[in-house]
Amino acid sequence: MRHILIVGIGAGNPEHMTVQAINALNGAEVLFVPKKGESKAQLADIRRDIIDRYVSNTRIRVVEFDVPVRETRDRSYDRSVDDWHAAIAEIYENLLKDNVGETDRAAFLVWGDPMLYDSTIRIIERVRTRGRVVFDFSVIPGITSLQALTAVHRIPLNLVGKPVEITTGRRLAESVAEKGRTKVIMLDGEQAFLKVNDPEAWIYWGAYLGTEQEIVISGPLHEVRDEIARTRAEARARHGWIMDIYLMRSGADFDA
Ligand SMILES: C[S@@+](CC[C@H](N)C(=O)[O-])C[C@H]1O[C@@H](n2cnc3c(N)ncnc32)[C@H](O)[C@@H]1O
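In structure tokens, the structure reads:
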């Protein structure tokens, strides 16, 4: 039976690649690499760099594919994402039919880890359920942007015995601030941290983590938030794109 490997490749630094991920790529007949829009060409370059560095089996074919843009007009957020996943599922189905022999192995290279704000697993499951291509699949974990963030700031993710919430910029305003609870915010196009009004909160922010452009800023939210907003806007204008993530919390270990 065909076997699909969904391989986490780390969040920007080619050295994030695990031995398991390297072995998975080298054990495949074909590698599927998503192309991003012009502005994010650097992400495609990082994937190519990973293949050049670690894939020693020269018989492996690399197949690049375009990821469609999500349509948002005239539909709810859920509808928009569902339609988008359906379009990508169609693309995956054709990629598998056209490129993967019935007993071959193929790998999808996925940014960070496939379980974190990434839909490759659910889309592959959707293709499998449709039953037009028969295959099984496995997931190989990768280093996430969240791990890259906590490592560069040299902090543990959680306060002692306290919970962590991972959410998006869109949802940050909806969740209630609670002392001791750590919040990690990803996919924040609106700089939701600017709206948070908590005089005790600290923020640990990072952009382009693991890459040559990496920028990190941390400190009390009310002191550094304007600097983060300014730095973010300048970097985005300079590079034409940005990927950033941050962690916020108030309180300390062993607070009552
Ligand atoms: C679609 S999610 C993919 C997350 C990925 N699966 C992971 O494990 O990190 C993209 C978001 O991840 C975060 N991100 C990914 N790579 C990053 C990096 N190198 N530096 C900063 N943030 C990053 C950003 O919040 C970005 O908006």
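In short: position in the sequence shown from 1, add 134, done, that's this note's numbering.
Note that the Cβ used here is the ideal one computed from N, Cα and C, for glycine as well.
Since the model is a prediction, treat every value here as computed from it, not as a measurement.
Locate the beta strand (DSSP E) running through residue i, then write down its first and last residues.
i: Ala390; result: Taken as a continuous stretch (DSSP letters only), Ala390 belongs to no beta strand (DSSP E), as it is neither H nor E.
i: Lys317; result: 316-320
i: Thr301; result: 298-302
i: Tyr211; result: Taken as a continuous stretch (DSSP letters only), Tyr211 belongs to no beta strand (DSSP E), being part of the alpha helix (DSSP H) at 211-233.
i: Asp270; result: 269-274
i: Lys169; result: 164-169
i: Glu149; result: Run containing Glu149: none; DSSP gives neither H nor E here.
i: Val196; result: 195-200
i: Asp378; result: 378-383
i: Ala241; result: 239-244
i: Ala341; result: 336-341
i: Leu139; result: 136-142
Look at the Cβ atom of residue i, then the Cβ atom of residue j, and state whether they are nearer than 9 Å.
i: Ala240; j: His150; result: no
i: Val273; j: Gly353; result: no
i: Leu293; j: Leu280; result: no
i: Arg195; j: Glu227; result: no
i: Pro333; j: Thr152; result: no
i: Ala282; j: Ala145; result: yes
i: Glu299; j: Lys317; result: yes
i: Ile379; j: Leu355; result: no
i: Val189; j: Ala178; result: no
i: Ser384; j: Ala335; result: yes
i: Phe242; j: Ile180; result: no
i: Ile277; j: Asn147; result: yes
i: Thr284; j: Tyr251; result: no
i: Leu229; j: Ile319; result: no
i: Glu324; j: Arg305; result: no
i: Val197; j: Asn233; result: yes
i: Thr254; j: Met135; result: no
Got a sec? Which residues, its chain only, sit under 6 Å from residue i by beta carbon, not counting five neighbours each side?
i: Asp200; result: Lys169
i: Phe271; result: Ile138, Ile258
i: Val358; result: Ile351
i: Lys119; result: Since the displayed the chain opens at 135 and closes at 390, residue 119 lies outside it and no answer follows.
i: Asp322; result: Gly303
At what residues does the alpha helix (DSSP H) containing residue i begin and finish?
i: His287; result: 279-287
i: Glu357; result: 355-373
i: Ala155; result: 153-160
i: Leu177; result: 175-188
i: Glu259; result: 254-264
Leaving out the 5 sequence neighbours to the left and right, which residues in its chain are closer than 7 Å to residue i when beta-carbon positions are compared?
i: Ala367; result: none
i: Thr365; result: Ile349, Ile351
i: Leu328; result: Arg359, Ala363
i: Asp387; result: Leu293, Val294
i: Phe269; result: Met135, Arg136, His137, Ile138, Leu230, Arg262
Quick one: residues in its chain with C-beta nearer than 8 Å to the C-beta of residue i, no 5 flanking neighbours on either side, listed in chain order?
i: Ala369; result: Ala341, Tyr342, Gln347, Ile349, Ile376
i: Glu205; result: Ser214, Asp217, Trp218
Problem set entry | Touch test, the stretch 257-271 against the stretch 220-230, Cβ-Cβ under 8 Å, three pairs minimum | yes
Exercise. Should the stretch 338-346 be regarded as contacting the stretch 226-246, the criterion being three or more beta carbon pairs within less than 8 Å?
Worked result: no
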